[in-house]
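Residue 7 is where the sequence shown starts when you use this note's numbering, and the numbers rise one by one after that. The beta carbon of each residue, even a glycine, is placed where N, CA and C say it ideally should be. Notes to accompany the following structure.
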Amino acid sequence: MEALESLLSRASCPVLADPAPDGAALERILAAAASAPDHGRLRPWRFLLVRGAARGRLGEVLAAAFRRREPEAPEALASKERQKPLRAPLIVVVAAAQREAAKVPAIEQIAAAAAAAENLLLAAHALGFGGMWRTGWPAYDVGVKAALGLAPSDSVVGFLYLGTPGQALPPRAEPKVADFVSEWHG
Ligand SMILES: Cc1cc2nc3c(=O)[nH]c(=O)nc-3n(C[C@H](O)[C@H](O)[C@H](O)COP(=O)(O)O)c2cc1C
């Protein structure tokens, strides 16, 4: 797909089925992610692949973390958390492992990881796969981060759900750039 067309036609796919990208396609997608701009070449991004049975284990991690946060909540809500990672055949957790000592501010390291996440989604889309960027409370929960092998100071910038679009994407209206672009004249 032509680059600009790919950029303009990307849309979130809430319904994702098998197959997920793997093998050479997944390598290309991850290489595209790691080609994002990155101040100081710190490579602050980390990509954790969660697929197959590991999705169920991530669901258990989410349900347990939810229980710690909401001990009185009905079981149905914990169960909902448990099911979340099963919404797609592959989840790529994109995190920024910030280097405190680096001269590059933390927000710029997070911005680089977010740029990597968007590159990843665009590359997946260009190869015919679908994706959806999700966060929610699990992205900020220290227990979830620990279970993923991340430090409390690391930032989860997204849980990228990936697979094959399970439904046709609605046609996308091009954004009205005039709504958020203005000329600065000094
Ligand atoms: C940092 C970030 C976090 C997001 N988290 C969620 C989320 O937890 N749940 C959700 O439904 N959408 C979330 N979204 C929004 C969707 O991924 C999507 O971008 C949005 O619904 C707009 O649709 P589009 O991607 O088709 O333009 C998030 C987007 C970003 C950039």
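State yes or no: is the C-beta of T141 nearer than 7 Å to some heavy atom of ligand 1? yes
Cβ of S41 versus every heavy atom of ligand 1: is any distance shorter than 7 Å? no
Using the beta-carbon count (16 or more within 10 Å), is H191 buried or exposed? exposed
Please give the ranges of any beta strand (DSSP E) in the region 73–110, keeping only runs that are unbroken, at least 3 residues long and fully inside the region. 96–102
Under the three-state DSSP convention, the category G137 falls into: strand
Is A1 near A130, with beta carbons less than 8 Å apart? Residue 1 lies beyond the stretch modelled for the chain, which goes from 7 to 192, so this question has no answer here.
Are the region 171–179 and the region 114–128 touching by the rule of at least three beta carbon pairs closer than 8 Å? no
Is the closest heavy atom of ligand 1 to the C-beta of G149 under 7 Å? no
In angstroms with no decimal places, state the Cα-to-Cα distance between V99 and G46. 23 Å
So, using beta-carbon positions, are R88 and E66 closer together than 8 Å? yes
Use the C-beta contact count for G136: other C-beta atoms within 10 angstroms, 16 or more gives buried, fewer gives exposed. buried
In its own chain, which residues sit with a C-beta less than 8 Å from the C-beta of Q104, not counting the 5 before and 5 after it? P50, A112, Q115, I116, S159, D160, S161
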